[in-house]
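S.K.: All letters in the sequence shown, in the order written, are residues 1 to 150 by full-length UniProt numbering. Note that the Cβ used here is the ideal one computed from N, Cα and C, for glycine as well. Predicted model, so just to flag it, every value in this text is computed and none were measured.
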Amino acid sequence: MEEEYLSLNLGDKRLDKRLKKIVSVMTKRGGTSLPDIFGNWSGTKGAYRFFSNPKVSSEKIIEPHSQATKKRLHQQETVLVLSDTTEIYYRKRDRVDDLGPMNSEYNQGLLLHPSIAFTTDGIPLGILDFKMWSRTELGANQNQAEEKCP
């Protein structure tokens, strides 16, 4: 996966280098949170600073992987592209910008709708695209979600 990010260009070579390091650590260690993945405060803090940088966006991060996934598709006779909307919940006490209400006024979070390509044998080829958004109010964005996520 690291070779997919050789063409990365976030507009700052330091950011490119930081993302490559983050991807390397995440693919080797995995985990549920940045502190779990990095295992130390300096690595975790560096990742937090990276993700909060205004030059960094989820679209720019996923683009090299998405392009590599599209190349892998051409090597297959048949592919399956599966997608589903996932709700990502945050605790009310977590201070995270741009979250919206979820299933009640007490829950907040984001909606994520990835499109993931697989071979007919179930081998994942990668993420083709994803949309991420938050509701503006409880019960809102249903039409908006349908428009964004065909």
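1) Can you look up V23 in the DSSP assignment and give me helix, strand or coil?
2) Going by DSSP, name the residue or residues bridged to T86.
3) Roughly how many whole angstroms lie between the Cα atoms of F118 and D129?
4) Should the region 83-93 be called in touch with the region 106-114, which here means at least 3 C-beta pairs below 8 Å?
5) Does the region 73-83 come close enough to the region 30-43 that 3 or more CB-CB pairs lie under 8 Å?
6) Could you tell me which whole beta strand (DSSP E) segments of length 3 or greater appear in the region 36-101?
M.R.: This is what the structure gives:
1) The DSSP-derived three-state label of V23 is helix.
2) Note: T86 sits in a beta bridge opposite L112.
3) Approximately 13 Å between the Cα atoms of the pair.
4) Taking 8 Å as the limit for Cβ pairs, the verdict is that the region 106-114 does touch the region 83-93.
5) Too few Cβ pairs lie closer than 8 Å, so no.
6) Segments of the beta strand (DSSP E) lying fully in the region 36-101: 79-83, 86-90.
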